[in-house]
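A.B. asks: One structure, pasted below without further comment.
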Amino acid sequence: MIDIKNIHVDIGEKSILKGVDLSLEKGKVHVLMGTNGSGKSTLTKAIVGHYDTTVTKGEIFYNNKNIVELSPEQRALEGIFLSFQNPIEIAGVNNAYFLRTALNAKERFDGKKETNAASFLRLMKKHVSQLGMHQDMLIRSLNDGFSGGEKKRNEILQMEVLQPDLILLDEIDSGLDIDALKAVADGINRMRDGERTFLIITHYRRILDYVTPDYVHILQDGQIVKSGGFELVDILESQGYQAIQKDI
Amino acid sequence: MIHIGKNTSSTIVSKGISAMKGQNTYRGLVKVSPRADKARNFSQCDSLLIGSECGAHTFPYLDSLNSSAQVEHEATTSKISDEQLMYLRQRGIGEEDAVSMIIHGFCKEVFAKLPMEFAVEAKELLNLTLEGSVG
Numbered sequence: 105m106i107d108i109k110n111i112h113v114d115i116g117e118k119s120i121l122k123g124v125d126l127s128l129e130k131g132k133v134h135v136l137m138g139t140n141g142s143g144k145s146t147l148t149k150a151i152v153g154h155y156d157t158t159v160t161k162g163e164i165f166y167n168n169k170n171i172v173e174l175s176p177e178q179r180a181l182e183g184i185f186l187s188f189q190n191p192i193e194i195a196g197v198n199n200a201y202f203l204r205t206a207l208n209a210k211e212r213f214d215g216k217k218e219t220n221a222a223s224f225l226r227l228m229k230k231h232v233s234q235l236g237m238h239q240d241m242l243i244r245s246l247n248d249g250f251s252g253g254e255k256k257r258n259e260i261l262q263m264e265v266l267q268p269d270l271i272l273l274d275e276i277d278s279g280l281d282i283d284a285l286k287a288v289a290d291g292i293n294r295m296r297d298g299e300r301t302f303l304i305i306t307h308y309r310r311i312l313d314y315v316t317p318d319y320v321h322i323l324q325d326g327q328i329v330k331s332g333g334f335e336l337v338d339i340l341e342s343q344g345y346q347a348i349q350k351d352i
Numbered sequence: 053m054i055h056i057g058k059n060t061s062s063t064i065v066s067k068g069i070s071a072m073k074g075q076n077t078y079r080g081l082v083k084v085s086p087r088a089d090k091a092r093n094f095s096q097c098d099s100l101l102i103g104s105e106c107g108a109h110t111f112p113y114l115d116s117l118n119s120s121a122q123v124e125h126e127a128t129t130s131k132i133s134d135e136q137l138m139y140l141r142q143r144g145i146g147e148e149d150a151v152s153m154i155i156h157g158f159c160k161e162v163f164a165k166l167p168m169e170f171a172v173e174a175k176e177l178l179n180l181t182l183e184g185s186v187g
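If you read the sequences in order, they're chains A and B.
Its first residue numbered 105, the first sequence is counted upward by one per residue in my numbering.
Its first residue numbered 53, the second sequence is counted upward by one per residue in my numbering.
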């Protein structure tokens, strides 16, 4: 699905990723853990083409195509979705209108017929109630004045409507109460169909009790130092990052 | 806006957009005459900046000669940020469309008040004017 090869990424003048190699197997749920500042968010930003990041070396192959030179919107249309750690507020832009524009852009790109207003509304109502969101989410401005939990649910709503193939979730679980965490986890599990690939960034085991990962990767100082299964999470929870020995 | 009669009320909504090296200035006089008891006015001035070389200026003139009048002014300035554009683009919306979406959101309050024909014209004019002003 995605092959990251020896990627070096700078943010401003600072070198953050120093040769990351990571392959995400199609249809699997991958978890990325690491201390604060290890470069987890930078990695997702580099994958989506965020303007903060400069790729100085290496390649990102997505469906066997190097995407490093593609614009952010092209990468999104190819099926890459990032749920932002801090979703951005845009006053005046209606949430449903925004999402329909995004969906229609994707449909045009895929050569499909555009969803009309009525079917879109039905689709939205279904997803909104599945996520336990209030129906007025549809008429409010995009993330404007949303609580932390509402913003994260709104990211999941966008994911479910846009049906992307590669889903990057940057701390989707941070700051959520138990109900919101369950709603978010249910959304992820609904999308988990053996075709879509997930990369979940988290600091805590909590969400992984609801969404069982297939693989766990650990990023330290801008490099992947260990990959394995769920046992790595157990080691981290009990002994911290010191216990992780670098694979050589 | 000139208030002459008693219990009169008015609202002013001004939306200004500055792009490239544009400077946008709002000057508005609200005058309340001595006989306009309990006159009310609310003025709102919102400015949107596109790029870092433009500016917005607001000079409200409030001239009240009646002590029972209530005259309010509120101003905001916002900027289309790279982060907002990034967010929309990450959802597959092209850069120009993303800018247009944010601008239309900003003008919505005014467009909603226009008659249908004008609203359509205004939207198209706005798109035409702002074409290529970003990037």
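Note that beta-carbon positions come from the ideal geometry of N, C-alpha and C, so glycine has one too.
Please report whether the beta-carbon of PHE111/B lies at a distance below 9 Å from any beta-carbon of chain A.
C.D. replies: no
A.B. asks: Taking any Cβ of chain A, which residues in the region 126-146 of chain B have a Cβ under 7 Å from it, in chain order?
C.D. replies: ASP134, GLU135, GLN136, MET138, TYR139, ARG141, GLN142, ARG143, GLY144, ILE145, GLY146
A.B. asks: Please confirm whether ALA206/A has its beta-carbon closer than 9 Å to some beta-carbon of chain C.
C.D. replies: Checking the listed chains, one finds no chain C in this structure; the protein chains it contains are A and B.
A.B. asks: Under 9 Å, Cβ to Cβ, is there at least one residue of chain A near LYS175/B?
C.D. replies: no
A.B. asks: Using the C-alpha atoms, what's the distance from ILE56/B back to SER251/A?
C.D. replies: 45 Å
A.B. asks: Closest Cβ-Cβ distance between TYR155/A and chain B: below 9 Å?
C.D. replies: Among the CB atoms of chain B, one or more fall inside 9 Å of the CB of TYR155/A.
A.B. asks: Is LEU182/B close to chain A, meaning its C-beta is less than 9 Å from at least one C-beta of that chain?
C.D. replies: no
A.B. asks: Straight-line CA distance for THR148/A to LEU177/B?
C.D. replies: 38 Å
A.B. asks: For MET168/B, count the other beta carbons within 10 Å of its own beta carbon; 16 or more makes it buried, fewer makes it exposed. Which is it?
C.D. replies: exposed
A.B. asks: Kindly say whether ALA150/A, judged by its beta-carbon, lies nearer than 9 Å to any beta-carbon of chain B.
C.D. replies: no
A.B. asks: Taking all protein chains shown into account, decide if ASN167/A is buried (16 or more other Cβ within 10 angstroms of its Cβ) or exposed.
C.D. replies: exposed
A.B. asks: Mind checking whether the beta-carbon of LEU246/A lies closer than 8 Å to any heavy atom of the ligand PLP?
C.D. replies: For the ligand PLP, the structure offers nothing, since it holds no ligand at all.
A.B. asks: Between the region 131-145 of chain B and the region 107-118 of chain B, do three or more beta carbon pairs fall short of 8 Å?
C.D. replies: No, they do not touch.
A.B. asks: By the criterion of Cβ-Cβ separation under 7 Å, what are the contact partners of VAL197/A in chain B?
C.D. replies: MET153, ILE154, GLY157
A.B. asks: Can you tell me whether PHE213/A is helix, strand or coil according to DSSP?
C.D. replies: PHE213/A sits in a helix when the DSSP states are folded into three classes.
A.B. asks: Within the 9 Å Cβ cut-off, does LYS83/B reach chain A?
C.D. replies: no
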